[in-house]
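Asker: One gets the working numbering by counting positions in the sequence shown from 1 and adding 207 to each.
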Amino acid sequence: MAGFDPGSLPDLLRLYYRRLFPFGLYGRWLRYGDVSKNYFQRREFSFTLHDDIYVRYQSFNSPQELEKEIQNTCPYKIDIGAVYSHKPIQHNTVHMGAFQAQEKELVFDIDLTDYDDVRQCCSSAEICSKCWTLMTMAIHIIDRTLVEDFGIQHRLWVYSGRRGVHCWACDDPVRKWSSTLRSAVVEYLFLVKGGEGTIKKVTLSDNHVHPFIRASLDVVTRYFKEYALVGQDILGDKDKCEKVLALIPEADRDFLRMEFCKKTNSVQRWEVLQKKKMVHTEREIMLQYCFPRLDMNVSKGINHLLKSPFSVHPKTGRISVPIDLKKLDDFDPFAVPTVSHLCHELDMIGKGEGNGKETEGPQESSRKSRDYKKTSLAPYVKVFEQFVEEMEKSYKGQRLKGNGKGLLESEGC
Ligand SMILES: [Zn+2]
Numbered sequence: 208m209a210g211f212d213p214g215s216l217p218d219l220l221r222l223y224y225r226r227l228f229p230f231g232l233y234g235r236w237l238r239y240g241d242v243s244k245n246y247f248q249r250r251e252f253s254f255t256l257h258d259d260i261y262v263r264y265q266s267f268n269s270p271q272e273l274e275k276e277i278q279n280t281c282p283y284k285i286d287i288g289a290v291y292s293h294k295p296i297q298h299n300t301v302h303m304g305a306f307q308a309q310e311k312e313l314v315f316d317i318d319l320t321d322y323d324d325v326r327q328c329c330s331s332a333e334i335c336s337k338c339w340t341l342m343t344m345a346i347h348i349i350d351r352t353l354v355e356d357f358g359i360q361h362r363l364w365v366y367s368g369r370r371g372v373h374c375w376a377c378d379d380p381v382r383k384w385s386s387t388l389r390s391a392v393v394e395y396l397f398l399v400k401g402g403e404g405t406i407k408k409v410t411l412s413d414n415h416v417h418p419f420i421r422a423s424l425d426v427v428t429r430y431f432k433e434y435a436l437v438g439q440d441i442l443g444d445k446d447k448c449e450k451v452l453a454l455i456p457e458a459d460r461d462f463l464r465m466e467f468c469k470k471t472n473s474v475q476r477w478e479v480l481q482k483k484k485m486v487h488t489e490r491e492i493m494l495q496y497c498f499p500r501l502d503m504n505v506s507k508g509i510n511h512l513l514k515s516p517f518s519v520h521p522k523t524g525r526i527s528v529p530i531d532l533k534k535l536d537d538f539d540p541f542a543v544p545t546v547s548h549l550c551h552e553l554d555m556i557g558k559g560e561g562n563g564k565e566t567e568g569p570q571e572s573s574r575k576s577r578d579y580k581k582t583s584l585a586p587y588v589k590v591f592e593q594f595v596e597e598m599e600k601s602y603k604g605q606r607l608k609g610n611g612k613g614l615l616e617s618e619g620c
C-alpha cells in the first residue's frame, strides 16, 4: 500500500501506543461499569508480536496494567477474546474443563473478499470506493436488524483496517448469549448461500416475503442503480449479462437475451427485466449482488477472537477506527489515518511547539489525551467516546434498579 513501509512499524507502534491509543476510553468500555466481579480481569487479549509470534490467553488486573504491557511489547495486532470463568493467564493452572468461555460481545465480521463473484472492480485484497458501497449496505442492513428485530442498543461498528468491517454488539444480555442463540441470529441473517460452485445463491420462498427481507430490500433499492447498474455495470457486456441470466427462470432467458442486445447499457437492460414483472427474480438478483455476506463462524462461537478497535492493520498501517453511523455514507476507508501519518502529525505538532521531546511522569496521561486530539485520529475517538458514554448511562440505570443505596455510594453522592 502506497506510503506505508512495514519495516518502520516497530518504531511507529511504540509512539502510537505511548501517545495516541485511547487507553482511557478503551478501559472504560471493557470494564462494563464493573457490574460483574473481575469482569475485566477475566477477559482474554491476544497479541501478535514481530515475526508472527502469536500470544494467546493474556489477561490483566486493570486497564492500566494492559496499557503498560501493550506499551512494553508493542504488538503488531491486538485481538479481543471472551470473558472466561477464570483469569485466562491462569488457564493452565485451572482444573481441566473448568476453564470456560462465559461471555462475549456478539460480533460480526464482513469482508469484501467474500463478494469476489459479484464485484467487478476489484478482487481479493483490493478495494475501491465503488465496492466499498457493499460494506455501506451491509452495515445499514445488519445494524437495522440488530436494533429493530433484536432490540440491541449498543453497537460499535469498526473499520477492519483493510477490506472489511466488524461489529461489536455489547448490551449486557447479549454478551451472555449462548452459542446456540448466536447461531440462531446468524442463520436469520444468512441469505446468500453456497460457495463458488453455486450459481444461484439467493432463493426466496414464493408467496411471502419476510419483513426482514423486505426491510433489507429497501436498503438495497436505495443503492442499486448507482452501485450495481452504473458502478459495477452488472449488465454491461455479454459475459456479465449471462451471469445475471443464469439467475432467471430458463423459460425467460432467450427473450431477455434478445432484448438486452437491443439496449446499450446496464440501466436500460435492467428496465427491460423490470418490465417483465418478475418481481421475485428481480429481488433475488438484487440480494445476490448486494446482500451482506458474513463470516458465520466468527459470530457463532463465544471464544472466537476478533481484532480490537484501534489496533493497527500490519499490512496497510491503517487504524481500526470506529465508524460514525450518522455519517455512514460518507465514510471513506482511504481517508482513515495510517500509523505513519499519525506519527508524522505528532512530529509536526512537536516542531510547532518547539518541543520534540517527550515528557515522562505524572503529566503523561493528560498529555496523551491531548495528543490524539491534535491528530486526524480525533474524530474517530469522538465516535468511540459517544459509544462508551451511552453504555455508561445504561449502567447507571442498572444500579438504580438493583440497589438504591449502592447507587448513591458508587456515584459518590
Ligand atoms: Zn472495487
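Positions of the beta carbon are idealized from the N, C-alpha and C atoms, including for glycine.
Count the C-beta pairs between the region 280 to 290 and the region 510 to 520 that are closer than 8 Å, then say yes if the count reaches three, no if not.
Answerer: yes
Asker: With a CB to CB cut of under 8 Å and the five nearest residues on each side skipped, what residues in its chain are close to D350?
Answerer: Result list for D350: R362, W364, C374, L532, in chain order.
Asker: At a threshold of 7 Å, does C281 count as lining ligand 1 (C-beta to nearest heavy atom)?
Answerer: no
Asker: Are S331 and D323 touching if we call contact CB-CB under 8 Å?
Answerer: yes
Asker: Taking a contact to mean a Cβ-Cβ separation below 8 Å, would you say I492 touches L535 in this structure?
Answerer: In this structure, L535 does not lie closer than 8 Å to I492 by Cβ.
Asker: Report back the beta-carbon spacing between S266 and R249 to the nearest angstrom; my notes put them in contact at under 8 Å.
Answerer: 7 Å
Asker: Could you compute how far the alpha carbon of E552 sits from the alpha carbon of T582?
Answerer: 6 Å
Asker: On the DSSP letters alone, give me the boundaries of the beta strand (DSSP E) that Y366 sits inside.
Answerer: 362 to 366
Asker: Given this structure, state the Cα-to-Cα distance separating Q570 from I348, to the nearest angstrom.
Answerer: Below a pLDDT of 50, predicted positions are generally treated as unreliable, and Q570, at 49, falls in that range; the measurement from the model is reported next regardless. Taking the straight line joining both Cα atoms gives about 44 Å.
Asker: For ligand 1, enumerate in chain order all residues having a CB closer than 5 Å to any of its heavy atoms.
Answerer: Listed along the chain, these residues meet the criterion: C328, C329, C335, K337, C338.
Asker: Got a sec? Which residues, its chain only, sit under 6 Å from H520 by beta carbon, not counting five neighbours each side?
Answerer: G368, R369
Asker: Taking 8 Å as the cut-off, does the region 492 to 501 touch the region 424 to 432 (at least 3 CB pairs, one atom from each stretch)?
Answerer: yes
Asker: Can you tell me the Cα-Cα spacing of R577 and I526, whole angstroms?
Answerer: Each residue's alpha carbon lies about 18 Å from the other.
Asker: Could you give the DSSP three-state label for L256: helix, strand or coil?
Answerer: coil
Asker: Excluding five sequence neighbours on each side, which residues of the same chain lie with their C-beta closer than 8 Å to the C-beta of D461?
Answerer: Close CB contacts of D461 within its chain, under the 8 Å cut and outside five residues either way in sequence, are absent.
Asker: Can you tell me whether P213 is buried or exposed, with buried defined as 16 or more other CB within 10 angstroms of its CB?
Answerer: exposed
Asker: Using the Cα positions of V314 and F591, report the straight-line distance between them to the nearest angstrom.
Answerer: 16 Å
Asker: Report buried or exposed for P499, applying the criterion of at least 16 other Cβ atoms within 10 angstroms of its Cβ.
Answerer: buried
Asker: What does the alpha-carbon distance come out to for the pair V242 and Y602?
Answerer: Straight-line Cα distance between these residues: approximately 8 Å.
Asker: Roughly how many angstroms separate the alpha carbons of F431 and L256, rounded to a whole number?
Answerer: Distance between the alpha carbons of F431 and L256 is about 42 Å.
Asker: Looking at L398 and H487, is the spacing between their C-beta atoms short of 8 Å?
Answerer: no
Asker: Assign R389 to one of two classes, buried (16 or more other C-beta atoms within 10 Å of its C-beta) or exposed (fewer than that).
Answerer: buried
Asker: Rounding to the nearest angstrom, what Cα-Cα distance links Y224 and I277 in this structure?
Answerer: 7 Å
Asker: What are the boundary residues of the alpha helix (DSSP H) that D379 is part of?
Answerer: Per DSSP, the continuous alpha helix (DSSP H) segment holding D379 begins and ends at 379 to 382.
Asker: Enumerated in chain order, which unbroken segments of the beta strand (DSSP E) with a length of 3 residues or greater are wholly contained in the region 460 to 531?
Answerer: none
Asker: Taking S547 and L219 to be in contact with their CB atoms under 8 Å, please state how far apart those CB atoms are, rounded to whole angstroms.
Answerer: 6 Å
Asker: In whole angstroms, give me the CA-to-CA distance for W384 and G358.
Answerer: 14 Å
Asker: Taking C-alpha atoms, which residue in R221, M342, D318 lies nearest to D537?
Answerer: M342
Asker: Are there 16 or more other CB atoms within 10 angstroms of the CB of Q307, so buried, or fewer, so exposed?
Answerer: It is exposed - the Cβ of Q307 has fewer than 16 other Cβ atoms within 10 Å.
Asker: What does DSSP give as the partner residues of L313 in its beta bridges?
Answerer: A376
Asker: For E567, collect the residues of the same chain with a Cβ closer than 7 Å to its Cβ; drop the 5 residues on either side in sequence, then sort them by chain order.
Answerer: With a pLDDT of 45 at E567, under the threshold of 50, the predicted position of this residue should be treated as unreliable, and no value is reported.
Asker: Tell me the rounded alpha-carbon separation between Y434 and D440.
Answerer: 8 Å
Asker: Kindly identify the DSSP beta-bridge partner or partners of A308.
Answerer: Y291
Asker: For the beta strand (DSSP E) containing Q327, list its first residue and its last residue.
Answerer: Q327 -> no beta strand (DSSP E), and no H or E assigned at all.
Asker: Are the beta-carbon atoms belonging to L584 and L232 less than 8 Å from one another?
Answerer: No.
Asker: Quick check: the Cα distance between R464 and V543, rounded to an integer number of angstroms?
Answerer: 43 Å
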